[in-house]
Amino acid sequence: MPRTPTAQVNGATIRDIRGLVGMTTRELAQRAATTSQHISNVELGTRPCSAALAGRIAAALGVRLESILREPLAATAERHSRPRSRQRAAA
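In our numbering, the protein residues as written are 91 to 181.
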């Protein structure tokens with residue numbers, strides 16, 4: 091079974107933006123098609139976030155996906171495009 095791609099989101103940033111727009115975890119969960127417990131766990135960093143969910147969270151908050159990621163998409167793409175041997179050496 092293929093793995094679902096995950097996104098390294100910044101949970102504190104999600105929580106801060108959610109607060110700025112006046113949205114509860116329940117409201118964000120409804121708009122992002124998940125549970126409020128999942129949103130809470132993502133914000134706390136105790137549960138991974140799929141790339142698809144990260145996109146839905148960003149859309150629900152009215153922000154660009156890049157604004158809730160821990161590192162810019164370009165850096166993520168660069169890291170994942172390196173050959174495996176270079177990744178280990180660079181790490």
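All C-beta atoms, glycine included, are put in the ideal place defined by N, C-alpha and C.
All of these numbers come straight from a predicted model, not from anything done at the bench.
DSSP places V111 in the coil class of the three-state scheme, outside both helix and strand.
In this structure, DSSP gives A97 an extended state, which the three-state scheme calls strand. Contact annotation: A148 and M113 have beta-carbon atoms that are not nearer than 9 Å.
Looking at the DSSP output, S140 shares a beta bridge with T96.
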